[in-house]
Amino acid sequence: MVNDGSPKDNTYGEIKKLGEQYQNVKGINLLRNFGQHNALMAALHYTEGDFILGMDDDMQTHPSQISKLIHKMEEGYDLVYGCYPKRKIRYLKNVTSKLNEVSSRILLGRPKDIVSSNFWMITRQIKDEVVKYDSFNPYIDGIFYRTTHKIGNVEVEHFKRAVGTSNYTLKKLIKLWLAYWNYSVIPLRISSVLGGVSAAGGFLAAIMIAIRKLINPTVMVGWSSTICAIVVLSGLIL
1 MVNDGSPKDN TYGEIKKLGE QYQNVKGINL LRNFGQHNAL MAALHYTEGD FILGMDDDMQ
61 THPSQISKLI HKMEEGYDLV YGCYPKRKIR YLKNVTSKLN EVSSRILLGR PKDIVSSNFW
121 MITRQIKDEV VKYDSFNPYI DGIFYRTTHK IGNVEVEHFK RAVGTSNYTL KKLIKLWLAY
181 WNYSVIPLRI SSVLGGVSAA GGFLAAIMIA IRKLINPTVM VGWSSTICAI VVLSGLIL
């Protein structure tokens, strides 16, 4: 259980009590709020067992649904997401969730028939590979997609939030979306295409300037030729 920076209440104190009561409960107390995916990465380093489950503490992903994920995992999947036929969330959250699904499919290569969520289960082998990732701003699902293609879905019931409100602000959602780009080759491909177009355009412009100079030797081409050289070299660098 991870306390992701809640100094104003006794969250970690309650976690410690559970750890003293149950030997299989481990508590992690982060110094501040590092974000959901950093907290998940911290937790994964301390997990054991054949199957590892990830879920939120708001009870929208309910413990009563865990058995459904286990049964689906037993079919041979490395990763199973719980998906919801009907979600009990606000309109803005629903819109951002749809954007998340589209972005993860395009940028991260998520299979079209797979729906991701914060309610997931992985094998220990996948966990061992995921924790090898050691870099700033991790995105758990992106690492999952790079690690395995044996991914499944199972329908689970989505419950109402038991207490509190979501900590995801629009700023945090945008930051999470930007993290997708760390796991995609699309930015490199876009850069390569733009570089190729720039270099080709500069080369064609240089040819036109050379032809113009041959036709009219009095034309000054110093500035134009310099710009063409810069454009071509910049494109090659990209």
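Numbered by the UniProt record's numbering, the letters in the sequence shown go through residues 1 to 238 in order.
Every residue gets a Cβ at the ideal spot worked out from N, C-alpha and C, and that includes glycine.
Since the model is a prediction, treat every value here as computed from it, not as a measurement.
Phe136 counts as exposed, since fewer than 16 other beta carbons sit within 10 angstroms of its beta carbon. Here Phe159 is near Gln60, since their CB atoms are less than 7 angstroms apart. Burial of Thr147 is indicated by the presence of at least 16 other C-beta atoms within 10 angstroms of its C-beta. The continuous alpha helix (DSSP H) containing Gly201 extends over residues Ile186 to Ile215. Ser116 is the residue among Ser116, Gly196, Ser192 and Val232 whose C-alpha sits nearest the C-alpha of Tyr84. In this structure the region 96-112 lies against the region 180-192, because at least three pairs of beta carbons, one per stretch, are closer than 8 angstroms. Between Ile70 and Phe51, the beta carbon gap of about 7 angstroms places them in contact (Cβ cut-off 8 angstroms). Bridge partners of Cys83 according to DSSP: Glu155. By the Cβ neighbour-count rule, Trp120 is buried, with 16 or more other Cβ atoms within 10 Å of its own. In the DSSP assignment, Gly54 falls within the unbroken beta strand (DSSP E) covering Phe51 to Gly54.
Minimum Cα-Cα distance from Ala179 among the listed residues Lys127, Asn100 and Gly202 corresponds to Asn100. Following the DSSP letters along the chain, one finds Ile122 inside the beta strand (DSSP E) bounded by residues Trp120 to Thr123.
By the Cβ rule, the region 188-196 does not count as touching the region 218-231, because fewer than three pairs are nearer than 8 angstroms.
Counting along the chain, Leu40 sits inside the alpha helix (DSSP H) bounded by residues Gln36 to Leu44.
By alpha-carbon distance to Val154, the top candidate from Asp57, Leu79 and Asn216 is Leu79.
Bridge pairing for Val2: Ile28 [DSSP]. Residue environment analysis places Val102 among the exposed positions, since fewer than 16 neighbouring C-beta atoms fall within 10 angstroms of its C-beta.
Rounded to whole angstroms, the separation of the alpha carbons of Val197 and Glu48 is 51 angstroms.
In this structure, Tyr81 is the residue among Tyr81, Met41, Phe34 and Asp9 with its C-alpha nearest to the C-alpha of Gly152. The three-state reading of DSSP puts Thr61 in strand, counting E and B together. Here the C-alpha atom of Gly235 lies approximately 4 angstroms from the C-alpha atom of Ala199.
Secondary structure of Lys150 (DSSP, three-state): coil.
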